[in-house]
């Protein structure tokens, strides 16, 4: 099982976990800091000549988790809120985890986008200040690759990943794998996460990728509209996690805390799984406001960030 160096100071090896799915990656202490898509383009965000200097890492014991920002030129205020968050609230933290759907769409690292460039500069400035940044792909940006990761200064994590967070073993996921009642999406996910499919898709000209992504997005929107017009309870069930899959995940990985996004239903849930009391923390989206989970040795806090 691959391991990844995690520089937040209270993270230790989680060990190999067995199950009927691919094992989660684990993070351990390392060396210090050394789809349904459409083109994410825009010119509102100028790229500075160099990365801004942020306050240095001060050893604070707080780790931040965010997901589902869906950054899009159609909503520039959210991108500006995120950039402000990176400048003012992330410096001094132990680490920043982005658990998927940072972008509304991503069809390849070669896609021109001044907005994505500005985000990369800001994220790299965070990493330069001594705060490690980790990214886990979501259902909108699973084609983010190592080229963009290097530009943005973050490490890409597999889904799922296990970390030991201040002495508490924690499973991280984007969350879409838990939505097993949406069988059509799970089939789409299996196809689009296949390395052969991705290589063939990324080899196409940009215009062809844009066209395919727009068609896939339109089909998804039409399907959701059809579900909403039918049984509302069925729509809620299909678009949320499966309770049975959540319980099975806790049992499979032998832990009692899970952090994920995807469903846009921020909450802290307590449940029983395998005879243990478990906690499932759901991150919020960034459509109408920001949302951040702060974790330290004393507990967790799920907060909103006003526009």
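Numbering (this note's numbering), first residue to last: 2 to 308.
Where a beta carbon is used, it is the ideal one built from N, C-alpha and C, also for glycine.
Can you name the start and end residues of the alpha helix (DSSP H) that residue i belongs to?
i: residue 125; result: 115-129
i: residue 254; result: 244-254
i: residue 208; result: 207-230
i: residue 104; result: Careful: residue 104 lies outside any alpha helix (DSSP H) and carries neither H nor E.
i: residue 239; result: 233-240
Could you say which of the options lies nearest to residue i if we only look at CA atoms?
i: residue 159; options: 98, 294, 93 and 227; result: 98
i: residue 256; options: 74, 238, 279 and 236; result: 279
i: residue 129; options: 151, 142 and 110; result: 151
i: residue 131; options: 145, 91, 169 and 202; result: 91
i: residue 122; options: 204, 84 and 110; result: 84
i: residue 173; options: 218, 100 and 291; result: 100
i: residue 203; options: 299, 111 and 165; result: 111
i: residue 1; options: 197, 190, 215 and 287; result: This structure cannot settle anything about residue 1, because the visible part of the chain is limited to 2 through 308.
i: residue 78; options: 299, 292, 167 and 288; result: 288
i: residue 207; options: 170, 114, 80 and 86; result: 114
i: residue 286; options: 298, 272 and 262; result: 262
i: residue 239; options: 248, 228 and 249; result: 228
i: residue 161; options: 247, 209 and 185; result: 247
i: residue 245; options: 182, 237, 104 and 298; result: 182
i: residue 156; options: 134, 217 and 177; result: 134
i: residue 186; options: 220, 201 and 199; result: 220
i: residue 194; options: 170, 144 and 296; result: 144
Using 8 Å for Cβ pairs, my map puts residue i next to residue j. What's the rounded Cβ distance?
i: residue 251; j: residue 276; result: With a Cβ gap of about 10 Å, residue 251 and residue 276 do not count as contacting.
i: residue 267; j: residue 303; result: 6 Å
i: residue 284; j: residue 94; result: The pair is not a contact, with the Cβ atoms about 16 Å apart (cut-off 8 Å).
i: residue 241; j: residue 180; result: 7 Å
i: residue 270; j: residue 258; result: With a Cβ gap of about 11 Å, residue 270 and residue 258 do not count as contacting.
Using 10 angstroms around the beta-carbon of residue i, count the other beta-carbons present and answer buried if the total reaches 16, otherwise exposed.
i: residue 17; result: Its pLDDT being 34, under 50, residue 17 is placed unreliably in this model, and the coordinates cannot settle the point.
i: residue 294; result: buried
i: residue 96; result: buried
i: residue 235; result: exposed
i: residue 163; result: buried
i: residue 34; result: Residue placement at residue 34 is flagged as unreliable, the pLDDT there being 28, under the threshold of 50; a coordinate-derived value is accordingly withheld.
i: residue 102; result: buried
i: residue 308; result: exposed
i: residue 197; result: exposed
i: residue 212; result: exposed
i: residue 291; result: buried
i: residue 1; result: Coverage of the chain is limited to positions 2 through 308, which leaves residue 1 absent and any answer about it impossible.
i: residue 116; result: buried
i: residue 57; result: Unreliable placement is indicated for residue 57, whose pLDDT of 49 sits below 50; the coordinate value is still reported in the next sentence. It is exposed - the Cβ of residue 57 has fewer than 16 other Cβ atoms within 10 Å.
i: residue 142; result: buried
i: residue 298; result: exposed
Would you say residue i touches the ligand ATP, meaning its beta carbon is less than 7 Å from a heavy atom?
i: residue 115; result: No copy of the ligand ATP occurs in the structure displayed, which carries no ligand at all.
Which residue marks the beginning of the beta strand (DSSP E) containing residue i, and which one marks its end?
i: residue 88; result: Segment 77-89 is the alpha helix (DSSP H) holding residue 88; no beta strand (DSSP E) there.
i: residue 63; result: 63-67
i: residue 270; result: 268-274
i: residue 283; result: 277-283
i: residue 257; result: Run containing residue 257: none; DSSP gives neither H nor E here.
i: residue 141; result: Premise fails: residue 141 is in no beta strand (DSSP E) and is neither H nor E.
i: residue 300; result: 300-306
i: residue 296; result: 291-297
At which residue ranges does the segment 144-204 contain complete alpha helix (DSSP H) runs of 4 or more residues, listed in the order of the chain? 147-153, 184-193 and 196-203
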